[in-house]
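To start, the structure itself, in structure tokens.
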Amino acid sequence: MTVDAEKETKRHHAIADLVMTILPELAGVTIERVAEGGSTEVYRIRNQSATYYLRVLPEVGASFAPEAKIHRQLHAWGVQVPDVLYFAHYHAPLGRSVMVTTEIPGQALGYGERHPQHKLILRDAGRDLAQTGQINVVGFGWIDRSAAEVDMLRAEHASFAAWIEPEMAQACATLRRAALLT
Numbered sequence: 014m015t016v017d018a019e020k021e022t023k024r025h026h027a028i029a030d031l032v033m034t035i036l037p038e039l040a041g042v043t044i045e046r047v048a049e050g051g052s053t054e055v056y057r058i059r060n061q062s063a064t065y066y067l068r069v070l071p072e073v074g075a076s077f078a079p080e081a082k083i084h085r086q087l088h089a090w091g092v093q094v095p096d097v098l099y100f101a102h103y104h105a106p107l108g109r110s111v112m113v114t115t116e117i118p119g120q121a122l123g124y125g126e127r128h129p130q131h132k133l134i135l136r137d138a139g140r141d142l143a144q145t146g147q148i149n150v151v152g153f154g155w156i157d158r159s160a161a162e163v164d165m166l167r168a169e170h171a172s173f174a175a176w177i178e179p180e181m182a183q184a185c186a187t188l189r190r191a192a193l194l195t
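Per our numbering, the sequence shown starts with residue 14, numbered consecutively.
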């Protein structure tokens, strides 16, 4: 067995052990890696009666704490988001933060034939998306994922200037090197 195959086998066992610890009532469970997406590793967990999703953050030291908080807040507001069944800032066997959620049944509108109620579905999705704009975030940039517990969402930069100046400096330097900015 190659080193990569051995690592993958260990990872698969760690995921199976985690699923059986979190959802011990599941009998005849299947676990499969979901190919879509790309910001996290996603595994679909199925048995005869339900489907769940296990997400594993790829970044060492990053946490699902902010996302778990957002899911719970949006769910309390009536927004159709998956329920968070389990969250761990750090799961030692995987060396990453993990989160297990319920499934929202259905499929993406871009797949297959148009649903007969696609306009209603889009309106409801738009209403739910508008609710996400009501979530308070302190600061600018990406959400800070370093904390194990989150009472308030914080971004990586305290001010707009702290966020934009490094980005603009890099862009201006690129333009200068290309002799497009003097």
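Every residue gets a Cβ at the ideal spot worked out from N, C-alpha and C, and that includes glycine. Computed from a predicted model, the values in this text were never measured in an experiment.
Mark residue i as exposed unless 16 or more other C-beta atoms lie within 10 angstroms of its C-beta, in which case mark it buried.
| i | result |
| --- | --- |
| ALA192 | exposed |
| GLU80 | buried |
| ASP157 | buried |
| THR114 | buried |
| PHE173 | exposed |
| ARG68 | buried |
| SER52 | exposed |
| LEU122 | exposed |
| LEU31 | buried |
Thinking just about the alpha-carbon of each residue, which of the options is nearest to the one in residue i?
| i | options | result |
| --- | --- | --- |
| LEU98 | GLU19, ALA75, ALA121 and ILE58 | ILE58 |
| ALA63 | VAL69, LEU39, GLU54 and LYS23 | LEU39 |
| ARG46 | TYR56, GLY74 and SER52 | TYR56 |
| ALA78 | ARG109, VAL42 and GLY154 | ARG109 |
| ARG24 | LEU122, ARG136, GLU54 and GLU49 | GLU54 |
| ALA160 | VAL69, THR187, TYR103 and ASN149 | TYR103 |
| HIS84 | ASP96, ALA101 and ALA75 | ASP96 |
| TYR65 | GLY74, GLN86 and VAL42 | VAL42 |
Using a Cβ-Cβ cutoff of less than 7 angstroms, which residues in the same chain neighbour residue i once the five nearest sequence positions on both sides are dropped?
| i | result |
| --- | --- |
| GLN93 | ILE117 and ASP141 |
| ALA138 | none |
| VAL163 | ALA78, PRO79 and LYS82 |
| TRP176 | PHE153, GLY154 and HIS170 |
| ILE44 | ILE28, ALA29, VAL32, TYR56 and ILE58 |
| GLN61 | GLY41 |
| THR34 | none |
Do you know offhand how far residue i's Cα is from residue j's?
| i | j | result |
| --- | --- | --- |
| MET112 | ARG190 | 44 angstroms |
| CYS185 | ALA18 | 45 angstroms |
| GLN130 | LEU36 | 34 angstroms |
| PRO179 | PRO71 | 25 angstroms |
| ALA101 | GLU49 | 23 angstroms |
| LYS144 | ARG167 | Looking at the sequence shown, residue 144 is not Lys but Gln. When rounded, the distance between both Cα atoms is 18 angstroms. |
| ALA182 | ALA89 | 41 angstroms |
| GLU126 | GLN120 | 11 angstroms |
| LYS20 | LEU87 | 37 angstroms |
| ALA75 | TYR124 | 32 angstroms |
| GLY146 | LYS132 | 22 angstroms |
| LEU188 | GLY91 | 47 angstroms |
| VAL16 | VAL73 | 21 angstroms |
So, at 6 angstroms on beta carbons, what are the nonlocal neighbours of residue i in its own chain, with the 5 sequence-adjacent residues on each side left out?
| i | result |
| --- | --- |
| PRO106 | ALA27 |
| GLU169 | GLY154, TRP155 and ASP157 |
Under the criterion of a Cβ to heavy atom distance below 7 angstroms, does residue i qualify as lining the ligand SAM?
| i | result |
| --- | --- |
| VAL69 | Only the bare structure without any ligand can be found here, which leaves the ligand SAM out of the picture. |
Here's a check: name, in chain order, each residue in its chain whose Cβ is nearer than 8 angstroms to the Cβ of residue i, leaving out the five neighbours to either side.
| i | result |
| --- | --- |
| THR22 | MET14 |
| MET165 | ASN149 and VAL151 |
| LEU135 | LEU122 |
| HIS128 | LEU122 and ILE134 |
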